[in-house]
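When we follow the working numbering, the leftmost residue of the sequence shown carries the number 687, and every step to the right adds one. One structure is given here, and the rest of the page talks about it.
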Amino acid sequence: MTESDSTQAPACQGPDRTLRPPDWELPAGSTDCHAHILGPASQFPFSKQRVYTPPDCTEQDYLAQIDAIGIDRAVIVQPSVYGTDNGALLRALERAAVPLRAVVVVDSDVTISELEHMHRLGVRGVRVNIVDVADKRAELPMNLLCKLADQIAPLGWHLELLAHVQDYPDLALKISQLNVPVVFGHFGYMNCRHGVHNQGFLALLELLRTGKAWVKMTGPYRISNQPTPPYDDIAACVDAVMAANPERLLWGSDWPHVMVKHVMPNDADLLNLFKHWVPDTTLRQQILVKNPAQLYGF
687 MTESDSTQAP ACQGPDRTLR PPDWELPAGS TDCHAHILGP ASQFPFSKQR VYTPPDCTEQ
747 DYLAQIDAIG IDRAVIVQPS VYGTDNGALL RALERAAVPL RAVVVVDSDV TISELEHMHR
807 LGVRGVRVNI VDVADKRAEL PMNLLCKLAD QIAPLGWHLE LLAHVQDYPD LALKISQLNV
867 PVVFGHFGYM NCRHGVHNQG FLALLELLRT GKAWVKMTGP YRISNQPTPP YDDIAACVDA
927 VMAANPERLL WGSDWPHVMV KHVMPNDADL LNLFKHWVPD TTLRQQILVK NPAQLYGF
């Protein structure tokens with residue numbers, strides 16, 4: 687076992703590595719706004735504080751996947767298994783064969799020179815994950831969020847927050863205090879059983895309507911109680927964010943789909959599902975091409 691191995695971090699299954707296209711042609715410039723690079727662990731060991739242990743899912747694996755499904759641009763997001771070690775992500779940016787942007791995880795004492803260096807490589811945001819951590823807290827870490835927002839605002843970056851929105855009925859009030867845009871992953875990461883009238887989800891919709899927040903249409907299997915696509919039980923959540931503000935929505939594959947408890951989906955099927963969610967071609971262009979260009983500066 688390597689130094690980074692942990693008996694407390696269970697292994698998770700890898701992605702479906704079958705490469706096939708979706709059943710529709712994506713518009714030019716289509717962007718995957720949420721993917722992770724994992725490994726090789728021999729070069730980029732995982733944190734001892736991780737809560738899961740993934741297989742290697744390298745940048746070469748990912749580039750082959752997006753080539754197969756017709757994605758032209760991508761956003762790499764720092765996974766929790768690396769903590770604040772962004773080495774694998776930054777190397778992917780340095781060697782990028784396609785237009786890439788990234789969202790990193792940093793300590794609150796990060797320097798402006800470090801941020802500027804990452805900006806030159808293509809970083810455009812900082813992620814705060816209060817879900818996939820051993821120490822879960824009952825309140826939003828507002829002191830940390832405010833400090834990070836002040837540090838990244840001069841660069842035009844955003845915060846990306848992974849949180850279960852149903853736990854924060856005062857979400858709109860708190861997030862409105864921040865001086866940068868805030869992106870929420872996985873439709874707000876609220877299990878659909880809570881319903882779209884949950885106070886935390888309603889607060890997320892309010893933030894969407896005002897343009898303060900963006901929502902990633904990612905990980906439907908993370909909020910559904912159905913084991914396979916089309917995850918029909920999340921339809922009300924999808925419809926709610928679409929009605930709130932399609933100009934603040936982003937699509938992402940969530941590759942390599944870490945910690946999926948049900949059947950591992952194929953990425954082509956996830957894009958087919960997106961077409962089902964968004965039948966209008968103009969809106970698909972908005973979400974896949976225009977919105978990512980605005981937020982990430984492609």
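Glycine included, every Cβ here is placed at the ideal spot set by N, Cα and C.
Do you know offhand how far residue i's Cα is from residue j's?
i: residue 690; j: residue 698; result: Caution is warranted here: a pLDDT of 44 is assigned to residue 690, below 50, making its placement in the model unreliable, and the coordinate value is therefore given only provisionally. Cα-Cα distance, rounded: 16 Å.
i: residue 706; j: residue 941; result: 15 Å
i: residue 880; j: residue 784; result: 39 Å
i: residue 966; j: residue 956; result: 17 Å
i: residue 838; j: residue 928; result: 28 Å
i: residue 777; j: residue 976; result: 26 Å
i: residue 895; j: residue 878; result: 20 Å
i: residue 750; j: residue 974; result: 19 Å
i: residue 687; j: residue 736; result: With a pLDDT of 33 at residue 687, under the threshold of 50, the predicted position of this residue should be treated as unreliable, though the coordinate-derived value follows. Approximately 15 Å, taken between the alpha carbons.
i: residue 945; j: residue 696; result: 9 Å
For residue i versus residue j, is the C-beta spacing smaller than 9 Å?
i: residue 943; j: residue 907; result: yes
i: residue 801; j: residue 792; result: yes
i: residue 806; j: residue 790; result: no
i: residue 887; j: residue 876; result: yes
i: residue 721; j: residue 748; result: yes
i: residue 981; j: residue 810; result: yes
i: residue 913; j: residue 962; result: no
i: residue 905; j: residue 871; result: yes
Can you give me the Cβ contacts of residue i inside the same chain, cut-off strictly under 7 Å, excluding the 5 residues immediately before and after it?
i: residue 701; result: 743, 941, 942, 943 and 950
i: residue 954; result: 706, 707, 708 and 755
i: residue 773; result: 730
Closest by CA to residue i, which one among the options?
i: residue 882; options: 861, 843, 868 and 925; result: 925
i: residue 724; options: 836, 714 and 741; result: 741
i: residue 873; options: 842, 891 and 711; result: 891
i: residue 770; options: 795, 757 and 852; result: 795
i: residue 830; options: 840, 845 and 817; result: 845
On the CB-based measure, 16 or more other CB atoms within 10 Å of its CB, does residue i come out buried or exposed?
i: residue 979; result: exposed
i: residue 716; result: buried
i: residue 703; result: exposed
i: residue 781; result: exposed
i: residue 952; result: buried
i: residue 798; result: exposed
i: residue 694; result: exposed
i: residue 710; result: exposed
i: residue 728; result: exposed
Grab me the residues of residue i's own chain with a C-beta within less than 6 Å of its C-beta, minus the 5 sequence neighbours each way, in chain order.
i: residue 815; result: 766 and 848
i: residue 885; result: 855
i: residue 970; result: 964
i: residue 692; result: Any reading at residue 692 needs caution, since the residue's pLDDT is 47, under 50, leaving its predicted position unreliable; the model's value is listed next. Excluding positions up to five away in sequence, the list reads 734.
Leaving out five residues on either side along the sequence, give the residues of the same chain with a beta carbon under 8 Å from the beta carbon of residue i.
i: residue 828; result: 860 and 863
i: residue 832; result: 863 and 864
i: residue 899; result: 861, 867, 868, 869, 870, 890, 893 and 934
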